[in-house]
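Visitor: Sharing a structure, written as C-alpha cells. Questions coming.
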Amino acid sequence: MTTHMDDEILHRYLDGELSWEERQRVRGHVATCPACRDRLEALRSAEYALRNLAAFDLPADFTDRVMSRVRRRAPTLLWTRAAVSRFARGIIFIGLLLLVVAVGEAWLFQEDLPSLGESVLWVFTWLGMVWSDPEAALDVLTTEGGEVATTVGMLASTVVPLALALLALGLFLYMVRRLAATDYEMPTASSGP
Amino acid sequence: MTTAEALALIAREHREHREAVSDEELARRAQQGDTDAFSLLVQRYQRGIANLAYRLVGHWDTALDLTQEVFVRTYQMLHTFDTRRSFKPWIYRIATNRCYDYLRQQGRRESFMREQDLSPRLPARDRAADPEDRVLQNEIRRAVEEVIASLPPHYRAVITLRYLEDMSYKEIAEALDMPMGTVKTHIHRARELLRTALENRGIRP
Numbered sequence: 001m002t003t004h005m006d007d008e009i010l011h012r013y014l015d016g017e018l019s020w021e022e023r024q025r026v027r028g029h030v031a032t033c034p035a036c037r038d039r040l041e042a043l044r045s046a047e048y049a050l051r052n053l054a055a056f057d058l059p060a061d062f063t064d065r066v067m068s069r070v071r072r073r074a075p076t077l078l079w080t081r082a083a084v085s086r087f088a089r090g091i092i093f094i095g096l097l098l099l100v101v102a103v104g105e106a107w108l109f110q111e112d113l114p115s116l117g118e119s120v121l122w123v124f125t126w127l128g129m130v131w132s133d134p135e136a137a138l139d140v141l142t143t144e145g146g147e148v149a150t151t152v153g154m155l156a157s158t159v160v161p162l163a164l165a166l167l168a169l170g171l172f173l174y175m176v177r178r179l180a181a182t183d184y185e186m187p188t189a190s191s192g193p
Numbered sequence: 194m195t196t197a198e199a200l201a202l203i204a205r206e207h208r209e210h211r212e213a214v215s216d217e218e219l220a221r222r223a224q225q226g227d228t229d230a231f232s233l234l235v236q237r238y239q240r241g242i243a244n245l246a247y248r249l250v251g252h253w254d255t256a257l258d259l260t261q262e263v264f265v266r267t268y269q270m271l272h273t274f275d276t277r278r279s280f281k282p283w284i285y286r287i288a289t290n291r292c293y294d295y296l297r298q299q300g301r302r303e304s305f306m307r308e309q310d311l312s313p314r315l316p317a318r319d320r321a322a323d324p325e326d327r328v329l330q331n332e333i334r335r336a337v338e339e340v341i342a343s344l345p346p347h348y349r350a351v352i353t354l355r356y357l358e359d360m361s362y363k364e365i366a367e368a369l370d371m372p373m374g375t376v377k378t379h380i381h382r383a384r385e386l387l388r389t390a391l392e393n394r395g396i397r398p
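Those protein sequence lines, which keep their order, are chains S and V. Numbering follows the working numbering, with no gaps: position 15 of the first sequence is 15. Numbering follows the working numbering, with no gaps: position 73 of the second sequence is 266.
This is the structure:
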C-alpha cells in the first residue's frame, strides 16, 4: 500500500499537469484506496460544478449602447493622442535622416566637424547677420563657403544641430504622449480590496 | 442550387470570414479609427466582461454599467495596445482593474451575493427532465454561488476567467498580473472549498 495522495497531486491530476508515470501512479493508487478515490471524485465533482457556473445574457441592444458611447466620447481623445504620436514619429524620422545625411556628407568630404557648441554659435551669429545685414551674411556664406569642402562642412555644422533639435523635440513629444496615455492608472491585482 | 441556398452559403462564408479575423487584427484596425472593427470586439467580449463584473460586484445593473465603461476605456487606451500581444488578457486586465476600483470606491468587499439577484436570471441551458435532478442541480448551483461569494475578489476573478471564459492559467496570470502559481492555488482552493461545501450538504459524487 503506497502512501495516500495529497490534494496537490490530485489537483494537478485534474489539471492534466502530471507526467505519464505520475498519472499511472495516481490511477493505480485510487483503484485500491477508497479514501483517496472519494477525495478525487469529490474534487472532480467540484470541478464540474464550477464549470457549470451560471452565465447571464446581455440585453439585445447592449452593443449598440456601448458603441454609441464609444463613438460619442472617445474619438477626440484618441485622435489627438494618435496624431501627437504620428507627428512625433515623423519628426524623429526627419531628424535621424538629417543626421545621417549630414554625418554622411561630412565623412564623404573628409571634413572635420566643428564641435556642437561652435556650430550652434556659428548658426546664431550667421542668423543674426542675416537679420541685421543680409548682404554681409551672403558674403560670409560665399567667402567662407568658397571651397566646396568648406560649404559641406558648414552644411553639416548647421544640419547637425537642427537634426539634434528635431530629435529632442520628437522624443519630448513622444514622452508627453506616453504621459497622456497613462491617464488611467493600472492597479495591481494584489491592491484590490 | 437555389438562390436561397446560395445566399445562405454566402452569408455563412461571410460570417466565417468575419470570425476568422483575430482579436489582434481587429484591435489594429480599431487603432486606425475603424469603429466597426471595435464593435466586433465589443460583441466578442461583452458577455464575458459583464459576467466577470457581475461576479466581482454582485449587481447585474452595476455590472452592465461597468462593462460599458470598460469598453469606452478600452477604446481610449487602444493605442497603447501592442498588437503583437494577445488581446484577451489585455482587455480582461482593464475590466478587472475597473471592477477593483469600483469595489474600492464602494468599500464593500462583503456585500456580494444576494440570492434573490441570482435566481430569476439563472439560464435555462440545462433543464433536467427529472425534477429530482433539477433540485440536485439547484442545490449544487447554490453551493457554487455561496462558495464563490465567500471568497475575496481576486479568487472570484480567477474562477470567472477560468470557468466562464475558459482562459488558460497563463492567460489569467497575465490578465490579473499575478504569478501562475497563485492562479493555480486560487483554483485549487476554490475546488477544495466547494468539495467541502458539497459534502456538508450531503451531495456525494
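We put the beta carbon where it would ideally sit given N, CA and C, even for glycine.
1. Whole angstroms is fine: what's the gap from Cys33 of chain S's alpha carbon to Ala42 of chain S's?
2. On the three-state DSSP scale, how would you describe Met129 of chain S?
3. For Asn331 of chain V, name the three-state secondary structure that DSSP assigns.
4. Say whether chain C places a C-beta atom closer than 9 Å to the C-beta of Ser232 of chain V.
5. Give the secondary structure of Ser19 of chain S by DSSP, where H, G and I count as helix, E and B as strand, and everything else as coil.
6. Within the continuous alpha helix (DSSP H) that includes Leu296 of chain V, where are the two ends?
7. Please work out which residues of its chain come closer than 6 Å, Cβ to Cβ, to Thr158 of chain S, disregarding the five sequence neighbours upstream and downstream, and give them in chain order.
8. Measuring only between beta-carbons, confirm whether Glu392 of chain V sits less than 9 Å from chain S.
9. Between the Cα of His95 of chain S and the Cα atoms of S:Gly170, S:His29, S:Ala54 and S:Arg51, which residue gives the shortest distance?
10. Comparing alpha-carbon positions, which option in S:Leu53, S:His11 and S:Met5 lies nearest Thr378 of chain V?
11. Among V:Met270, V:Arg355, V:Ala213 and V:Ala350, which has the Cα closest to the Cα of Thr289 of chain V?
12. Give me the residue from V:Ala368, V:Val340 and V:Val263 with the minimum Cα distance to His381 of chain V.
13. For chain S, find out if any of its Cβ atoms is closer than 9 Å to the Cβ of Thr255 of chain V; answer yes or no.
14. Please specify which runs of the alpha helix (DSSP H), each continuous and at least 4 residues long, are wholly inside the region 209-238 of chain V, giving them in chain order.
15. Which runs of the alpha helix (DSSP H), 4 residues or longer, sit entirely within the region 247-283 of chain V?
16. Check each residue of the region 237-248 of chain V: if its Cβ is closer than 7 Å to any Cβ of chain S, include it; give the result in chain order.
17. Who are the Cβ neighbours of Val130 of chain S in its own chain at under 6 Å, not counting the five residues just before and after it?
18. Against chain S, does Phe280 of chain V count as a neighbour if the rule is that its beta carbon must be under 9 Å from one of theirs?
19. Report yes or no: is there a C-beta of chain V within less than 9 Å of the C-beta of Glu202 of chain S?
20. Is there at least one Cβ from chain V nearer than 9 Å to Glu147 of chain S's Cβ?
21. Is the Cβ of Met67 of chain S closer than 9 Å to any Cβ of chain V?
22. Using a beta-carbon distance below 9 Å, is Ala35 of chain S in contact with chain V?
23. Consult DSSP for His381 of chain V and reduce its assignment to one of helix, strand or coil.
24. Shorter than 9 Å from the beta carbon of Lys363 of chain V to some beta carbon of chain S?
Guide: The short version:
1. 14 Å
2. helix
3. helix
4. This model lacks chain C altogether, as its protein chains are S and V.
5. coil
6. Phe280 to Gln299
7. Val123
8. yes
9. It is Gly, not His, that sits at residue 95 of chain S in the sequence shown. Residue S:Gly170 is the option with its Cα nearest to Gly95 of chain S.
10. S:His11
11. V:Ala350
12. V:Val340
13. no
14. 216-224
15. 253-270
16. Gln239, Arg240, Ala243, Asn244 and Tyr247
17. Ala137
18. no
19. Only positions 1 to 193 of chain S appear in the structure, and residue 202 of chain S is not among them; the question remains open.
20. For Glu147 of chain S, the predicted structure reports a pLDDT of 44, less than 50, and the residue's modelled location is therefore unreliable. A value from the coordinates is still provided. Answer no: the Cβ-Cβ gap between Glu147 of chain S and chain V never drops below 9 Å.
21. yes
22. no
23. helix
24. no
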